[in-house]
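Data first, discussion second: the structure below is written as C-alpha cells.
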Amino acid sequence: MATQETQLLDDIIVSSRRRLLSLGAASLAGLVLASSTRSAKAAVAYTDDDILNFALNLEYLEANFYYLAAFGCTIDKPNAAAMNAGAPAAGIPITGSVGTAGTVTGGSQVPFSTIQVGSYAVETAIEEGKHVLTLQAALGSVAVAQPAINLAGGTGGSFGELAQAAGITSDQSFSPYAADADFLIGAYVFEDVGVTAYHGAASLLTGTTTTLPVAAGILGVEAYHAGLVRTTLNYLDPTGSLGLVGYTTKVSALRATLSNQALLGATPAASAYDNQPDDYGLAPATFTLPTGSVTGTRIVDADPTDVVAFARSTTQVLNIVTGGGAIKNGAVVSPATGIFFPAGLNAGANGFK
Amino acid sequence: MKTLDQLVDKALSRRTFLAGAGAVAASTVVAGCSDTNSTPPPANNGLYTDADVLNFALNLEYLEAQFYLYAATGAGLASSDTSAPSGYTGKFTEGTLTVGSAAQVAGLTTAEQEIVNEIAYEEMTHVKFLRTALGTAAVPMPDIDLSFFGPLAVAAGITTAATGAGSFNPFSSFDYFLVGAFIFEAVGVTAYSGAAPLISAAGVTAGFLTAAAGILAVEAYHAGYVRTSLTGRAIAAGSAGYPYLPAANLVEALRATLTVGNSAAPSTTGSVETTLVVPTSTSTPSAIVAASPTSAVGFSRTVNQVHHIVYGSPTVGVAKGGFFPSGTNSIFATTTA
Numbered sequence: 013m014a015t016q017e018t019q020l021l022d023d024i025i026v027s028s029r030r031r032l033l034s035l036g037a038a039s040l041a042g043l044v045l046a047s048s049t050r051s052a053k054a055a056v057a058y059t060d061d062d063i064l065n066f067a068l069n070l071e072y073l074e075a076n077f078y079y080l081a082a083f084g085c086t087i088d089k090p091n092a093a094a095m096n097a098g099a100p101a102a103g104i105p106i107t108g109s110v111g112t113a114g115t116v117t118g119g120s121q122v123p124f125s126t127i128q129v130g131s132y133a134v135e136t137a138i139e140e141g142k143h144v145l146t147l148q149a150a151l152g153s154v155a156v157a158q159p160a161i162n163l164a165g166g167t168g169g170s171f172g173e174l175a176q177a178a179g180i181t182s183d184q185s186f187s188p189y190a191a192d193a194d195f196l197i198g199a200y201v202f203e204d205v206g207v208t209a210y211h212g213a214a215s216l217l218t219g220t221t222t223t224l225p226v227a228a229g230i231l232g233v234e235a236y237h238a239g240l241v242r243t244t245l246n247y248l249d250p251t252g253s254l255g256l257v258g259y260t261t262k263v264s265a266l267r268a269t270l271s272n273q274a275l276l277g278a279t280p281a282a283s284a285y286d287n288q289p290d291d292y293g294l295a296p297a298t299f300t301l302p303t304g305s306v307t308g309t310r311i312v313d314a315d316p317t318d319v320v321a322f323a324r325s326t327t328q329v330l331n332i333v334t335g336g337g338a339i340k341n342g343a344v345v346s347p348a349t350g351i352f353f354p355a356g357l358n359a360g361a362n363g364f365k
Numbered sequence: 014m015k016t017l018d019q020l021v022d023k024a025l026s027r028r029t030f031l032a033g034a035g036a037v038a039a040s041t042v043v044a045g046c047s048d049t050n051s052t053p054p055p056a057n058n059g060l061y062t063d064a065d066v067l068n069f070a071l072n073l074e075y076l077e078a079q080f081y082l083y084a085a086t087g088a089g090l091a092s093s094d095t096s097a098p099s100g101y102t103g104k105f106t107e108g109t110l111t112v113g114s115a116a117q118v119a120g121l122t123t124a125e126q127e128i129v130n131e132i133a134y135e136e137m138t139h140v141k142f143l144r145t146a147l148g149t150a151a152v153p154m155p156d157i158d159l160s161f162f163g164p165l166a167v168a169a170g171i172t173t174a175a176t177g178a179g180s181f182n183p184f185s186s187f188d189y190f191l192v193g194a195f196i197f198e199a200v201g202v203t204a205y206s207g208a209a210p211l212i213s214a215a216g217v218t219a220g221f222l223t224a225a226a227g228i229l230a231v232e233a234y235h236a237g238y239v240r241t242s243l244t245g246r247a248i249a250a251g252s253a254g255y256p257y258l259p260a261a262n263l264v265e266a267l268r269a270t271l272t273v274g275n276s277a278a279p280s281t282t283g284s285v286e287t288t289l290v291v292p293t294s295t296s297t298p299s300a301i302v303a304a305s306p307t308s309a310v311g312f313s314r315t316v317n318q319v320h321h322i323v324y325g326s327p328t329v330g331v332a333k334g335g336f337f338p339s340g341t342n343s344i345f346a347t348t349t350a
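Read top to bottom, the protein sequences are chains A and B. Mapped onto this note's numbering, the consecutive letters of the first sequence carry residue numbers 13 to 365. Mapped onto this note's numbering, the consecutive letters of the second sequence carry residue numbers 14 to 350.
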C-alpha cells in the first residue's frame with residue numbers, strides 16, 4: 013500500500029526524473045527513496061492547500077489543548093488570562109469555508125505549581141494559536157473550519173483512553189490537567205507527532221518559496237516545543253524513578269505501533285532513514301563515540317542510526333491522532349475518526365487518508 | 014564511483030530561484046514571512062548544486078561535532094570522518110583543529126554528562142550522514158578554531174579577557190557549556206531552514222529535502238534543550254541571579270549585529286533572534302522558541318548570514334575568520350552580502 017508521498021514521488025519520478033534516480037542509486041544509497049518497491053496506487057494527490065489544511069486541523073487541536081491547560085479557555089473565546097498573555101482579544105477564528113466549526117470537549121486550566129512548566133504552557137499556547145492564524149492566512153478562502161475536538165481527561169475522554177491504551181494507567185483515569193507532570197505527558201503526546209507530520213509534509217509541498225519555508229519554519233518550532241517538553245521531563249525525573257520516563261516510553265511505543273499499522277506492510281515513505289519503530293521515549297540509550305561507548309539521554313526523537321528526525325505520512329499521523337481510526341480491516345478508511353477527532357478532520361474535496 | 018555533481022543532472026539541480034523568488038515573495042499571502050529574511054545566495058551566477066548546499070551544511074556539522082565531542086569526551090572526530098573521501102576530486106583540502114582550551118566539560122553530574130553525550134553523538138552522526146549522502150563529493154573538514162569562543166565572548170560583551178583568567182571558556186562548567194552550545198544551535202536551525210528551499214526539484218525527489226528538514230528538526234530539539242535549560246536554571250536561581258542567561262542574550266545581540274543590514278538589499282525588519290526571558294510566575298510566557306513574534310514561524314538565515322556569524326565578521330567580501338580561520342570548505346565561503 014503506497015502512502016500519498018510515495019505515490020506523488022512515483023509520479024514525479026516516472027514523468028521526468030527516472031534517470032536521475034537510477035543514476036543516483038549507487039552513491040546515494042543512504043538517501044534515495046526505495047520507490048520501486050511500491051506498486052499500489054493511492055486515490056488522492058494532495059495539493060499544497062490540502063497539506064496546509066491537514067496541518068491546520070492539527071494546529072486547532074494543539075492550540076486548544078494549550079489554551080485550555082494554560083488559561084482554561086478555548087482559542088475562540090479568550091479569557092482575561094489568555095489576553096494578558098497575548099492572545100488576540102477577538103479570539104482566533106474557528107470557522108472556515110470548508111466544514112462546520114466543531115466544538116471542543118473537555119479540558120481545564122492546570123493548577124501549575126512550578127514557574128517552569130506554567131510559563132512553558134503559556135508560551136506554547138500563544139505560539140500554537142499563532143500557527144492557526146498563520147495557516148488560516150496562508151490558506152485564505154480555502155481554510156477549513158475547526159473540527160470537533162475531544163481533549164477530555166478521565167473515563168471516555170481522549171487522554172483517558174490513550175493513557176489506558178498506552179498502558180500508563182490500567183483504567184481511563186488519566187488527566188493531563190491534574191498537575192504539572194501530567195500536563196507534560198499530555199504535551200508529550202502531541203509535540204513529536206507535530207514534528208513528524210510537518211516533516212512528512214515538507215517534501216510534498218510544491219511551493220518551494222511559499223509554502224515550504226512556512227512548513228519548515230513551523231517544523232522547527234514544533235521541534236523546539238518537543239525539545240522543551242522532553243527536556244523538562246528529563247529535569248523532573250532524571251533517573252526515571254518518578255515514572256515519567258517510563259510513561260514517555262509507553263506513549264512513544266503506542267505511537268510507533270499505530271504509525272507502523274498505518275503502513276499496512278509497506279516500507280515507510282522515506283524508507284532509507286525512517287526505520288521502525290519510528291518513535292523513542294526518554295529512556296537512556298548507549299551511543300558509540302570515537303572514544304568508546306557512553307550512555308546518553310534521548311532528548312531528540314530521531315532515528316538513532318542517522319539522527320534525522322522521523323517523517324510520517326498523513327495516514328500514519330491520522331492513525332495516531334485517532335487512536336487507530338485510520339485503519340479498519342486491513343485497509344485505509346476515510347474519514348478517520350476517534351480519540352481527539354471524534355468526527356474526523358475537516359477536509360476539502362480530496363478528503364484525508 | 015561518480016561524484017554527486019556528476020550524478021545529479023546539472024540542468025535539474027540548478028535553481029531557477031533567483032529568477033522566481035522576487036515575484037513569488039511579493040505574491041505570497043503567508044503572514045509573517047517577511048522577517049525571516051530567506052533571500053537566496055547569489056553565488057556563482059546563481060548556479061550551484063545540491064552538493065554545494067549539503068557541503069555548506071557539512072562545514073557547520075564539522076564545527077558542531079568537534080565542539081560537542083570535546084565537551085563530552087575530551088577528543089574530537091575520528092580522522093576517518095574529517096579527511097577527504099576516497100575519490101574526492103574537489104579543490105578543498107583537509108584542515109586542522111585548533112583545540113584551544115577544549116576539553117571534557119568539568120564538574121558534570123551524571124545527568125548532565127548524559128545530555129552532552131547525546132548531543133555529541135547526534136552531531137557526529139550528522140557528519141557521517143552527510144558524508145555518506147555526498148559520497149565522493151563530500152568536502153573534508155576545514156580548519157576549525159575552538160579557541161574563538163574567547164574573542165567571540167569579548168565581542169559580545171560577556172567579558173573583557175579574550176584569553177587566560179576571566180576569559181569565556183565553554184568547557185569550564187555545564188553553565189558555560191550551555192552558553193557555548195547556545196552560540197551554535199539557533200544558527201544550525203536557521204541555516205537548515207534557509208538552505209531547505211535551495212534544494213532542487215531533483216534533490217527533493219532524491220530525498221535531500223526530507224533529510225535537510227529532518228536534521229533541521231534535530232537542531233531545533235537541541236536548541237529547545239539549550240534554551241529550556243538556560244531558562245529553567247535561571248528560574249531556579251531566582252533572586253540569586255543566573256548570569257549565563259544574560260550572557261546568552263549578549264550572544265544573540267552580537268549575532269544580530271553581525272547579520273542585520275549586510276545584505277545587498279538591507280533588511281529593516283530587525284534581527285532573527287528571540288531574547289530569552291526569565292518568567293516570574295506561572296501565568297507569564299517563557300521565550301524558549303526562537304521564531305517570528307507575529308507568525309510563530311521559525312526563523313531562517315541565508316548562507317551569507319551564517320558565514321557572518323561563524324566568521325565573527327559583519328564585513329562583505331570576507332572569506333575566513335572566527336571558528337573557520339581559513340574559511341569554510343564551501344563555494345559560499347566568501348560573504349557576498
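We put the beta carbon where it would ideally sit given N, CA and C, even for glycine.
Annotated as proximal: L217 of chain A and I63 of chain A, with beta-carbon spacing under 8 Å. By alpha-carbon distance to T172 of chain B, the top candidate from B:L263, B:N68, B:P298 is B:L263.
By the criterion of a C-beta distance shorter than 7 Å, G170 of chain B is surrounded in its chain by L263, once the five residues flanking it on both sides are discounted.
Burial is judged here by how many other beta carbons sit within 10 angstroms of a residue's own beta carbon; A361 of chain A has fewer than 16 and is exposed. The continuous beta strand (DSSP E) containing T300 of chain A extends over residues 297-301.
Contact annotation for M137 of chain B against chain A: L301, P302 [CB-CB distance below 8 Å, chain order]. Here L254 of chain A is exposed, its C-beta having fewer than 16 other C-beta atoms within 10 Å.
Only Y247, P250, T251 from the region 247-259 of chain A bring a Cβ to less than 9 Å from some Cβ of chain B. Taking 8 Å as the cut-off, the Cβ atoms of N96 of chain A and F352 of chain A do not count as close. In this structure, G335 of chain B lies near V323 of chain B, with their beta-carbon atoms less than 8 Å apart. Two segments are said to touch when three or more pairs of C-beta atoms, one from each, lie closer than 8 Å; by this definition the region 248-268 of chain B does not touch the region 205-216 of chain B.
No residue range can be given for G254 of chain B, since it is assigned to no alpha helix (DSSP H) and is classified by DSSP as neither H nor E. Proximity of T349 of chain A to chain B, defined by a Cβ-Cβ separation below 8 Å, is not satisfied. Taking a Cβ-Cβ threshold of 8 Å, the residues of chain A close to N130 of chain B are F299, L301, V306, T307, G308, T309, in chain order.
Neighbours of E127 of chain B in chain A, taken as residues at a C-beta separation under 7 Å, are given in chain order as P296, T307, G308, T309.
Per DSSP, the beta-bridge partners of S305 of chain A are A:T300. Taking 8 Å as the cut-off, the beta carbon of Q148 of chain A is found closer than this to the beta carbon of L68 of chain A. At a cut-off of 8 Å between beta-carbon atoms, F195 of chain B makes no contact with chain A. Taking a C-beta distance under 8 Å as the contact criterion, G172 of chain A and Y79 of chain A do not qualify as a contact pair. Among the bridge pairs identified by DSSP, K340 of chain A is matched with A:A343. At a cut-off of 8 Å, the C-beta of T244 of chain A has a neighbouring C-beta in chain B. Not flagged as an interface residue toward chain B: F66 of chain A, since no C-beta distance is shorter than 8 Å. Contacts with chain A (Cβ-Cβ distance below 9 Å) from the region 226-241 of chain B involve A226, G227, I228, L229, A230, V231, E232, A233, Y234, H235, A236, G237, Y238, V239, R240, T241, listed in chain order. Contact check for G350 of chain A against G336 of chain A passes: the beta carbons are separated by less than 8 Å. Under DSSP, I161 of chain A takes part in a beta bridge, and its partners are A:V116. Excluding sequence positions up to five before and after A260 of chain B, its CB lies within less than 7 Å of the CB of I171, V192, all in the same chain and listed in chain order. T295 of chain B has a beta carbon lying within less than 8 Å of a beta carbon in chain A. The closest CA to that of Y189 of chain A, considering only A:G179, A:G206, A:S170, is found on A:S170.
The three-state reading of DSSP puts A102 of chain A in coil, since its state is none of H, G, I, E or B. Within 7 Å of the CB of A321 of chain A, the CB atoms of chain B belong to G227, A230, V231, in sequence order along the chain.
Neighbours of K89 of chain A in chain B, taken as residues at a C-beta separation under 9 Å, are lacking, since the least C-beta distance is about 18 Å.
For T102 of chain B, there are no C-beta contacts with chain A under 7 Å, since the nearest C-beta of that chain is about 14 Å from it. Taking a contact to require three or more Cβ pairs closer than 8 Å, the region 116-124 of chain B and the region 153-166 of chain B do not qualify as touching. Between A133 of chain A and F195 of chain A, the C-beta spacing is below 8 Å.
Exclusion of the five residues before and after N91 of chain A leaves F83, G84, C85 as the residues of its chain whose Cβ lies within less than 8 Å of its Cβ.
Taking a contact to require three or more Cβ pairs closer than 8 Å, the region 118-128 of chain A and the region 309-321 of chain A do not qualify as touching.
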